[in-house]
Every structure is written in C-alpha cells, then in structure tokens.
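Asker:
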Amino acid sequence: MLESPARAGEQVWVALRKSCVRSGSSDPRTIDDAHALHRRVLDVSPYFLTINPLDVDCLEVTYGFDFDASANHHAVALDALFAHSPLAAAVDGLDARPIDVQPCIGFALNDRCDLQAFFEVKGRTSVREVRQGRFSEDALHVCVTVRKFGSLHDIKELPALYDELAAHAERLVEQRAVPHLLAPIRDAIASSRA
654 MLESPARAGE QVWVALRKSC VRSGSSDPRT IDDAHALHRR VLDVSPYFLT INPLDVDCLE
714 VTYGFDFDAS ANHHAVALDA LFAHSPLAAA VDGLDARPID VQPCIGFALN DRCDLQAFFE
774 VKGRTSVREV RQGRFSEDAL HVCVTVRKFG SLHDIKELPA LYDELAAHAE RLVEQRAVPH
834 LLAPIRDAIA SSRA
C-alpha cells in the first residue's frame, strides 16, 4: 500500500492486492481531487499491471462517512434507523442493550442485476464497552457503494465507467443517504449526548 502523509486530515492511498487495485481519498479538499486520483489510477493501472478487459470482474465506488460518537453505536443505529419499526418492536420493552445493529441493504439498479448499490452502517462498539458502559471515540461508519459487475469490451472504458458509478453514488448520497441515513444518525448521536 502506498499512502500519502496525512495533511489536515486529507490523505490518499493506492493498494495493490493479488486480484484487485484500490485507491482512496480521505477528506479531500474537493470532490474533483478525489475523482482525479481514481481516474488516474484507472488510466495507468492497466498498462503497468497488464490488466486486460477480461481481467475486470467489477468496479466499485464507495462514499464513506464517519461520525464521532462516544456512545453505543448499535443503540444509535437502532434509534436512528429502526425506531417505531416492527423490528425494533420485537425488542422494545426488554431489559436489553443492543450489541449488534449493523444494517446493510443491497439492491440492483438495473434489470440485469449487474449494477448494484449498498447502504451499510458499521458500528465499532464492542460487547465489552456495552457491558462496562464506557465507550471509545471510535467513529460510526456509513458507506454508500455502487458496484458494476462484468468484464469490459475495451480497457479504456474504465474511467468512463468510474464516472458513471460515481454519478450514481453521488445521487444516492444526496437523495437517499443524507436524508434517510446520515441526518437521522447525526440526530441520534446528538440526542445521545444530551
């Protein structure tokens, strides 16, 4: 893995594994800076790593959001996303504390089911923290991922495919994740601090 030094929270990285190439950007100055990194990796990787169109199994774009929350992440997720739902009603009134509430919803964006999107909430609260009632400052993580399966006709299609997936992901973040995941989680964290 190659990582840049972290500057004011901003960091970029590229990782090469046996069967995949990954790149990431944390807290970029602009979204265009993040897109430029990923497009550059997609432009040069096929030539330096001799990747051909049939080698491509999938391409994915993930937007991640971290919420600082020194609270039970599972209780926050339960309160923010399942309050007044049939699932929450199943445990409502029990003398119990949530220890694993990490919802993940995946769905197909086309009829072939090769274009998929996922909303995922990842809590980092351990059972030990719940038992002791003391919670670390670890972040509660929310991911929005868009993934396209299938090989390509031409390896030069990678940057355009990235742009298509990034556009899908940005729409999902703006139209779905912000109002239905991120804002409720933010509000639940704020009420847990009150």
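First residue of the sequence shown? That's 654 in my numbering, and the numbers climb one at a time after it. Just so you know, even glycine gets a beta-carbon here, dropped at the ideal spot from N, CA and C. Quantities reported herein were computed from a predicted structural model and do not represent experimental measurements.
Output the distance between the C-alpha atoms of SER679 and ASP745, rounded to the nearest integer angstrom.
Answerer: Taking the sequence shown and counting its residues from 1, the one referred to as residue 679 is at position 26. Taking the sequence shown and counting its residues from 1, the one referred to as residue 745 is at position 92. C-alpha separation (whole angstroms): 38 Å.
Asker: So, under 8 Å CB-CB, SER676 and HIS691 are touching, yes? Tell me the CB distance rounded to an integer number of Å.
Answerer: For the purposes of this step, residue 676 is taken as residue 23 along the sequence shown, with counting starting at 1. For the purposes of this step, residue 691 is taken as residue 38 along the sequence shown, with counting starting at 1. 5 Å between Cβ atoms; contact.
Asker: From the DSSP output, read off the bridge partner residues of LEU669.
Answerer: As a first step, residue 669 must be located in the sequence shown, where it is residue number 16. Beta-bridge pairing links LEU669 to VAL674.
Asker: Which residue from ASP686, VAL694, ASN725 and ARG693 puts its Cα closest to that of ARG777?
Answerer: Start at 1 with the first residue of the sequence shown, and residue 777 comes out as number 124. Among ASP686, VAL694, ASN725 and ARG693, the Cα nearest to that of ARG777 belongs to ASN725.
Asker: Given a threshold of 16 other Cβ atoms within 10 Å of its Cβ, counted over all protein chains shown, does THR703 qualify as buried or as exposed?
Answerer: As a working note, residue 703 is residue 50 in the sequence shown. By the 10 Å Cβ count, THR703 comes out exposed.
Asker: Ignoring anything shorter than 3 residues or poking outside the segment 730 to 783, list the beta strand (DSSP E) runs there in chain order.
Answerer: 757 to 761 and 768 to 775
Asker: Let me know the secondary structure DSSP gives ALA724 once reduced to three states.
Answerer: Working through the sequence shown from its first residue, we reach residue 724 at position 71. It is coil, neither helix nor strand.
Asker: Determine, using beta carbons only, whether TYR815 and LEU747 come nearer to each other than 9 Å.
Answerer: Stepping through the sequence shown from its first residue, residue 815 is reached at position 162. Stepping through the sequence shown from its first residue, residue 747 is reached at position 94. In this structure, LEU747 does not lie closer than 9 Å to TYR815 by Cβ.
Asker: Whose CA, out of ALA770, VAL795, GLY786 and ILE808, lies closest to the CA of GLN755?
Answerer: Taking the first residue of the sequence shown as 1, we reach residue 755 at position 102. Measuring from the Cα of GLN755, the nearest candidate turns out to be VAL795.
Asker: Should PRO751 go down as buried or exposed, given a rule of 16 or more other Cβ atoms within 10 Å for buried?
Answerer: Here residue 751 refers to the residue found at position 98 of the sequence shown. Buried, because 16 or more other Cβ atoms sit within 10 Å of the Cβ of PRO751.
Asker: In or out: LEU811 buried (at least 16 other Cβ within 10 Å) or exposed?
Answerer: Counting from 1 along the sequence shown, the entry for residue 811 is found at position 158. Using a 10 angstroms sphere on the CB of LEU811, the tally of other CB atoms reaches 16 or more, which defines it as buried.
Asker: Counting C-beta neighbours from all protein chains within 10 Å, is the total for HIS727 16 or more, i.e. buried, or is it exposed?
Answerer: As a position in the sequence shown, residue 727 is number 74, starting the count at 1. HIS727 comes out buried.
Asker: Does DSSP classify ASP719 as helix, strand or coil?
Answerer: Stepping through the sequence shown from its first residue, residue 719 is reached at position 66. Here ASP719 sits in strand by DSSP.
Asker: Measuring straight from C-alpha to C-alpha, what distance separates GLN664 and SER844?
Answerer: What you label residue 664 is simply residue 11 of the sequence shown in a count that begins at 1. What you label residue 844 is simply residue 191 of the sequence shown in a count that begins at 1. Looking at the two C-alpha atoms, the distance is approximately 31 Å.
Asker: Okay, do the segment 795 to 807 and the segment 816 to 829 touch, 3+ Cβ pairs below 8 Å being the bar?
Answerer: yes
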